[in-house]
Every structure is written in C-alpha cells, then in structure tokens.
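Under our numbering, the first residue of the sequence shown carries the number 1, and numbering increases by one thereafter. Ideal Cβ positions, reconstructed from N, Cα and C, are used throughout, including at glycine. Note that the structure is a prediction, hence the values are computed from the model and not measured.
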Amino acid sequence: MAPKNPDPGSEPKKQLTLFVTIQVDPSNIEKFKEAHRPVWKACSEEPECLLFDVFQDPESPGRFRFVEVWSKGREWFEKEQLTKPYYAALWEKSKPLWTAESESALQLNVEWLTDAFL
Numbered sequence: 001m002a003p004k005n006p007d008p009g010s011e012p013k014k015q016l017t018l019f020v021t022i023q024v025d026p027s028n029i030e031k032f033k034e035a036h037r038p039v040w041k042a043c044s045e046e047p048e049c050l051l052f053d054v055f056q057d058p059e060s061p062g063r064f065r066f067v068e069v070w071s072k073g074r075e076w077f078e079k080e081q082l083t084k085p086y087y088a089a090l091w092e093k094s095k096p097l098w099t100a101e102s103e104s105a106l107q108l109n110v111e112w113l114t115d116a117f118l
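This is how it looks when you write it as structure tokens:
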C-alpha cells in the first residue's frame, strides 16, 4: 500500500503501473530471456522506474508476466519511455518467439491514498 498523503490539500502525483503478459514456446525460453535481459536492466535503471519485476509462470513455463511501476503518467510513458532505442532492437528479436499476442494493461494510480480508499 502506498503511504498516506501527509498533506490532504495537495494534489496526488500520478504513477503508471503496467502489466504485460507474453507467451513463448517453452523451447524458446532461453532465447526470450536473452533478448529481454538488456532491456529489463535498462528499464530498471531509468530514474522514473520505481519497480520492474519479471515473473515466469511455474505452471506454464513459457508465460512471462512483467510488472512495471513508473513515476510518471501514460502520456510520458508512451512519448518518452517507449521510444527509447533499446525497445526497437528488442521487438525484432522477441516478437518472432511469441506464440500469441501480448496482453497488457495500464493502470494510473496515485502516490498516496486518501481515507476514501481505506
């Protein structure tokens, strides 16, 4: 849970949480990881990146889920983050390994909660 707002009169700062699921054939898991590792590292080192986690589904080993939390909103993410050069090289290597289209969801949230959410 995010910390409570210390100043109830102030406006919350927006954050973006991104959930992505990608399915690859189990025979391509190592190729997939190899293609993604440099991007995962680069993303996690961006100053706006608050959290970057990768999960591999133990019941379906070719299913990967990413959870990313960014300190800025959707417009910034689409305009500034997704246009970084390391993504272009990634898609060329990664997309041919997918067995289905990726699934993604964006969630805008605030840095702190008001009493309305408690």
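Would you check whether the ligand MN has a heavy atom nearer than 6 Å to the C-beta of residue i?
i     : result
Asp53 : Although the ligand MN was asked about, the structure shown includes no ligands whatsoever.
Take residue i as the anchor and find which of the options has the nearest alpha-carbon.
i      : options                      : result
Lys31  : Cys43, Val67, Leu90          : Leu90
Asp25  : Phe64, Leu18, Tyr86, Glu75   : Phe64
Gln56  : Val67, Pro47, Glu46, Gln15   : Val67
Ile29  : Asp53, Glu45, Gly62, Glu46   : Gly62
Pro85  : Ala105, Glu101, Glu59, Ala42 : Ala42
Glu92  : Val20, Ser27, Val39, Thr21   : Val39
Gln107 : Gly73, Glu34, His36, Glu46   : Gly73
Phe77  : Ala35, Glu46, Lys33, Arg37   : Glu46
Put residue i into one of helix, strand or coil per three-state DSSP.
i      : result
Ser44  : helix
Leu108 : strand
Leu90  : helix
Glu34  : helix
Glu59  : coil
Can you name the start and end residues of the beta strand (DSSP E) that residue i belongs to?
i     : result
Lys14 : 14-23
Gln81 : Where Gln81 is concerned, there is no enclosing beta strand (DSSP E), given that its DSSP letter is neither H nor E.
Asp53 : 49-56
Glu68 : 63-70
Just grab the DSSP bridge partners of residue i for me.
i      : result
Glu103 : Thr21
Trp98  : Val24
For my contact list, residue i and residue j are in at a C-beta cut-off of 8 Å; report their separation, rounded to the angstrom.
i     : j      : result
Gln15 : Ser71  : 6 Å
Leu18 : Ser104 : 7 Å
Val69 : Leu50  : 4 Å
Val52 : Ser60  : Before going on, a small fix: residue 52 reads as Phe here, not Val. About 22 Å; that fails the 8 Å criterion.
Measure from the C-beta of residue i to each C-beta in chain B and report whether the shortest distance is under 7 Å.
i      : result
Leu108 : Looking for chain B here will not work: only one protein chain is present.
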